[in-house]
Every structure is written in structure tokens, then in C-alpha cells.
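Student: In this text, residue positions in the sequence shown follow my numbering: the first is 639, and each later residue adds one.
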Amino acid sequence: MKVLRSLTIVVGIVVCIYGCATTGTNGVVQIGPNTYRIGGLGNSTDFSGSDVKARLYQEAAEFCRKKGGVMVPLKSTGQEIQFKCVPAGR
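1) Leaving aside the five residues before and after residue 676 along the sequence, list all residues of the same chain whose C-beta is less than 8 Å from its C-beta, in chain order.
2) Alpha carbon to alpha carbon, how far is residue 690 from residue 727? Give it in angstroms, no decimals.
3) Does residue 724 come out as helix, strand or coil in the three-state DSSP assignment?
4) For residue 709 and residue 703, I'd like the C-alpha separation in whole angstroms.
5) Cα separation between residue 714 and residue 707?
6) Give me the Cα-Cα distance between residue 618 and residue 674, rounded to the nearest whole angstrom.
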């Protein structure tokens with residue numbers, strides 16, 4: 639019985655640590671014509687909500703750069719941003 643309790647505690651701790659290490663709903667999702675959203679939770683290098691948001695803007699800008707455009711921010715709520723990719727030079 640004691641071994642089962644210890645095992646349960648260890649599994650619970652591992653699940654909690656794994657849950658904290660995951661980054662939630664990362665990834666760019668298209669929500670309209672040339673309009674996207676990206677969101678996520680902090681990771682080990684993010685020390686504040688501002689760090690998370692800065693990382694999301696960088697990821698959005700890189701996403702648009704790969705598509706040959708530039709990122710134009712539209713809306714920011716919590717730990718999610720919405721943006722458009724527009725052709726470079728516009």
C-alpha cells in the first residue's frame with residue numbers, strides 16, 4: 639500500500655512538471671484571408687507576460703517573412719495575438 643501511494647505521488651509530480659513544461663496552443667492558425675492568430679504559454683526562458691508576447695510577435699514576424707511578407711499586428715489579448723501578413727513593401 640505504501641509503495642502504491644509513493645508511486646501515485648511520483649506520477650502526480652511528473653504530470654504537474656510535464657504540464658508546466660508544455661506550451662499550450664502554440665502554432666499559427668489561419669482565421670481569415672491573410673489573417674492569423676498565434677498563442678501560447680510561457681516557457682523556461684519567459685520571465686513575464688511581456689516576454690511571452692514579445693516571443694509571439696517574433697514568431698508571427700518570422701512566419702510572415704517565410705511567406706514573403708511582413709507582419710501587421712491587429713489585436714492582442716492575454717497570451718494571443720492576431721495579425722495579418724501583407725506583401726513586403728506595402
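Heads up, the beta-carbon is just placed ideally off N, CA and C, and yes, glycines get one too.
Tutor: By the coordinates alone:
1) In its chain, beyond the 5 residues on either side, 664, 665, 666, 667, 694, 697, 698, 701, 718, 719 and 721 have a beta carbon closer than 8 Å to the beta carbon of residue 676.
2) For residue 727 and residue 690, the gap between their C-alpha atoms comes out near 28 Å.
3) The answer is strand: DSSP assigns residue 724 an E or B state.
4) Between residue 709 and residue 703, the C-alpha separation is close to 8 Å.
5) Roughly 20 Å separates the two Cα atoms.
6) No statement about residue 618 is possible, as the shown extent of the chain runs from 639 to 728 and does not include it.
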